[in-house]
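Engineer: Supplied in structure tokens, the structure appears directly below.
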Amino acid sequence: MIVNAITWHSITVEPENLEAQKAFIGETLGLPLAMEMNGVFVYALPDGGMLELYTPQTAPDFGYNGSIAFGFRVDDVEAASAEIAAAGGELLGEINRVPDLDYAYRHFRGVDGRVYGLNESKPQPR
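Throughout the sequence shown, residue numbering follows my numbering, covering 19 to 144 in sequence.
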């Protein structure tokens, strides 16, 4: 497996803080909203990274370590998944592909019990 960077980040905020956090990410940090899906807000970074914003109600059942998780950009998410499983990691769900963003991802629970992500992505134009 070749890890190129940490490029997926997840923040879980309480519902009463959601609008303020969305404004901070979009207006203050200047990150464009790439998509919204089922109450999850996905922001694109110029290097191909993603920042996802959740509430406890929209986070996956396996959770994101309380409030923050991150993931590793790899060259091949399928091969990396196999290596994680062989090393004792628990694969969570299937590999998901988002063709509009040229992005693929999967979550896993590491041997430390924390949730992480694997992703393939290409830099996004600004």
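Positions of the beta carbon are idealized from the N, C-alpha and C atoms, including for glycine.
Are three or more beta carbon pairs between the region 77 to 86 and the region 24 to 39 nearer than 8 Å?
Structural biologist: Cβ pair count under 8 Å is three or more, so yes.
Engineer: So the candidates are D65, G48, G57, L51; which of them puts its Cα closest to the Cα of N22?
Structural biologist: In the sequence shown, counting from the first residue as 1, residue 22 sits at position 4. If we check each option's Cα against that of N22, D65 comes out closest.
Engineer: Assuming I43 and L69 form a contact by the criterion Cβ under 8 Å, report the distance between their Cβ atoms to the nearest whole angstrom.
Structural biologist: Taking the first residue of the sequence shown as 1, we reach residue 43 at position 25. Taking the first residue of the sequence shown as 1, we reach residue 69 at position 51. Yes, they are in contact, since the Cβ atoms of I43 and L69 sit about 7 Å apart, within 8 Å.
Engineer: Assuming S139 and D120 form a contact by the criterion Cβ under 8 Å, report the distance between their Cβ atoms to the nearest whole angstrom.
Structural biologist: As a position in the sequence shown, residue 139 is number 121, starting the count at 1. As a position in the sequence shown, residue 120 is number 102, starting the count at 1. Going by Cβ atoms, the distance from S139 to D120 rounds to 7 Å, so yes, they are a contact pair.
Engineer: Looking at the unbroken beta strand (DSSP E) that takes in E45, where does it start and where does it end?
Structural biologist: For the purposes of this step, residue 45 is taken as residue 27 along the sequence shown, with counting starting at 1. Element bounds for E45: n/a, residue is neither H nor E.
Engineer: What is the rounded straight-line gap between the Cα of L49 and the Cα of Q39?
Structural biologist: By one-based count along the sequence shown, residue 49 stands at place 31. By one-based count along the sequence shown, residue 39 stands at place 21. Spanning the two alpha carbons is a distance of roughly 12 Å.
Engineer: From V60 to N114, what does the alpha carbon distance come to, in whole angstroms?
Structural biologist: Locating residue 60 in the sequence shown gives position 42, where the first residue counts as 1. Locating residue 114 in the sequence shown gives position 96, where the first residue counts as 1. Computed Cα separation, rounded: 14 Å.
Engineer: What first and last residue would you give for the alpha helix (DSSP H) that runs through I102?
Structural biologist: In the sequence shown, residue 102 corresponds to position 84, counting from 1. 95 to 104 is the span of the alpha helix (DSSP H), which, as asked, contains I102.
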